[in-house]
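S.K.:
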Amino acid sequence: PREAAPTTGAPTTGPTATGGPTSSPKPTPDASATPGKPGDGCATPKPTEPAEVEPGEPLPRIAAEPGQPRVAAKPSKLTGSKVTMTGLRFEGIVDLPTGDGTLKVLKFSMAKGVTDDFLLQADGPGGKTMRYATDRLTVQGDVAFYATRFVGRLLGIKIILTPDLPFPDGIPITLPIPITFTDPVIDLAYVDSDVLTAKPALKVDLA
Numbered sequence: 001p002r003e004a005a006p007t008t009g010a011p012t013t014g015p016t017a018t019g020g021p022t023s024s025p026k027p028t029p030d031a032s033a034t035p036g037k038p039g040d041g042c043a044t045p046k047p048t049e050p051a052e053v054e055p056g057e058p059l060p061r062i063a064a065e066p067g068q069p070r071v072a073a074k075p076s077k078l079t080g081s082k083v084t085m086t087g088l089r090f091e092g093i094v095d096l097p098t099g100d101g102t103l104k105v106l107k108f109s110m111a112k113g114v115t116d117d118f119l120l121q122a123d124g125p126g127g128k129t130m131r132y133a134t135d136r137l138t139v140q141g142d143v144a145f146y147a148t149r150f151v152g153r154l155l156g157i158k159i160i161l162t163p164d165l166p167f168p169d170g171i172p173i174t175l176p177i178p179i180t181f182t183d184p185v186i187d188l189a190y191v192d193s194d195v196l197t198a199k200p201a202l203k204v205d206l207a
């Protein structure tokens, strides 16, 4: 197992002011990165009935979690062939602290997220790019993603979510059943979870 350190661009599942998203999972036998939880975790997604947002209206503004660490001003980029989210809930719009201000992001929580053909790219030292890759990356237990942009295909239809765009008509805020987005591209500012597991072990390189 490899402990993820909060170095430049390192995903400790909850990004640092100089790096990519950082997480806070607890170690598991298969985990290749098991970041420690920074501050109070995110609320557990509740399996409530799906609620509709008013068409053309943005998601509500919500406060950052107590003890929220600073994040990088430039998010990392997460891609994969598909991501399956269980217990997904679009929480709202949050301002996360950065080194010299704030970053406006979308927060969405879930019980579990599985990304196939996972690749995370973040700014590294010397102007290079840190790359974290594995065939399948799973985060579970009080999972929260904070993103400036989320793009994916749902049943073949391209979905684009940002803090500044109205929430798409017809998509419920809460989705209690597993939902799969293909070809996801997520500009990821911060991630929080109890457990992070990579199969096979997470590969890290500098390009």
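Going by the working numbering, the sequence shown opens with residue 1, and the numbers climb by one from there.
Beta carbons: idealized from backbone N, C-alpha and C, even for Gly.
Computed from a predicted model, the values in this text were never measured in an experiment.
(1) Under the DSSP definition of a beta bridge, which residues are partnered with Ala133?
(2) Does the contact criterion of 3 or more C-beta pairs under 8 angstroms hold for the segment 183-192 versus the segment 141-153?
(3) Quick check: the segment 199-207 against the segment 126-134, are at least 3 beta-carbon pairs closer than 8 angstroms?
(4) Beta-carbon within less than 8 angstroms of Gly98's beta-carbon, same chain only, minus the 5 sequence neighbours each way: which residues are those?
(5) Can you confirm whether the segment 106-113 touches the segment 74-94 when touching is taken to mean that 3 or more C-beta pairs between the two stretches lie within less than 8 angstroms?
(6) In chain order, which beta strand (DSSP E) runs of at least 3 residues are fully inside the segment 153-197?
(7) Could you check where the beta strand (DSSP E) with Asp95 kicks off and where it finishes?
(8) Alpha carbon to alpha carbon, what distance is there between Thr86 and Leu120?
(9) For a cutoff of 7 angstroms on Cβ pairs, would you count Pro58 as touching chain C?
(10) For Ile160, which residues in the same chain have their Cβ closer than 6 angstroms to its Cβ, ignoring the five residues on either side in sequence?
(11) Under 8 angstroms, with one C-beta from each stretch per pair, do the segment 75-84 and the segment 188-197 reach the 3-pair mark?
(12) Go ahead and label Leu103 buried or exposed: buried means 16 or more other beta carbons lie within 10 angstroms of its beta carbon, across all protein chains shown.
(13) Determine the contact status of Phe145 and Thr134, defining contact as a CB-CB distance below 7 angstroms.
(14) Given this structure, state the Cα-to-Cα distance separating Leu202 from Pro58, to the nearest angstrom.
(15) Please state if the CB of Arg136 and the CB of Lys199 are separated by a distance shorter than 7 angstroms.
(16) Can you give me the C-alpha to C-alpha distance between Thr162 and Ile177, rounded to a whole angstrom?
(17) Quick one: is Gly124 buried, meaning 16 or more other Cβ sit within 10 Å of its Cβ, or exposed?
(18) Tell me the rounded alpha-carbon separation between Leu175 and Asp95.
(19) Roughly how many angstroms separate the alpha carbons of Glu65 and Gly126, rounded to a whole number?
M.R.: So, from the listed chains and residues:
(1) Your numbering for residue 133 matches position 133 in the sequence shown. Leu119 and Lys203.
(2) yes
(3) yes
(4) Here residue 98 corresponds to residue number 98 of the sequence shown, with the count starting at 1. A quick correction: the sequence has Thr, not Gly, at residue 98. Excluding sequence neighbours, Thr98 sits near Ala17, Arg70, Val71, Ala72 and Ala73.
(5) yes
(6) 157-161 and 179-192
(7) In the sequence shown, residue 95 corresponds to position 95, counting from 1. That run of the beta strand (DSSP E) goes Leu88 to Pro97.
(8) Taking the sequence shown and counting its residues from 1, the one referred to as residue 120 is at position 120. Taking the sequence shown and counting its residues from 1, the one referred to as residue 86 is at position 86. Approximately 21 angstroms between the Cα atoms of the pair.
(9) No chain C is present in this structure, which holds just one protein chain.
(10) Here residue 160 is taken as the residue at index 160 of the sequence shown, counted from 1. Counting only Cβ-Cβ distances below 6 angstroms, and skipping sequence neighbours, we find Val151.
(11) yes
(12) The residue given as residue 103 occupies position 103 in the sequence shown. Buried, since its Cβ has 16 or more Cβ neighbours within 10 Å.
(13) The residue given as residue 145 occupies position 145 in the sequence shown. The residue given as residue 134 occupies position 134 in the sequence shown. No.
(14) What you label residue 202 is simply residue 202 of the sequence shown in a count that begins at 1. What you label residue 58 is simply residue 58 of the sequence shown in a count that begins at 1. Their backbone Cα atoms lie some 36 angstroms apart in a straight line.
(15) Your numbering for residue 199 matches position 199 in the sequence shown. Your numbering for residue 136 matches position 136 in the sequence shown. Cβ distance < 7 angstroms, so Lys199 and Arg136 count as in contact.
(16) Position 162 of the sequence shown, counting from 1, holds the residue named residue 162. Position 177 of the sequence shown, counting from 1, holds the residue named residue 177. Whole-angstrom Cα-Cα distance: 23 angstroms.
(17) By one-based count along the sequence shown, residue 124 stands at place 124. Per the 10 Å Cβ criterion, buried.
(18) Position 175 of the sequence shown holds residue 175. Position 95 of the sequence shown holds residue 95. Near 24 angstroms, if we compare the C-alpha coordinates of Asp95 and Leu175.
(19) Locating residue 65 in the sequence shown gives position 65, counting from the first residue. Locating residue 126 in the sequence shown gives position 126, counting from the first residue. Those two C-alpha atoms are separated by around 32 angstroms.
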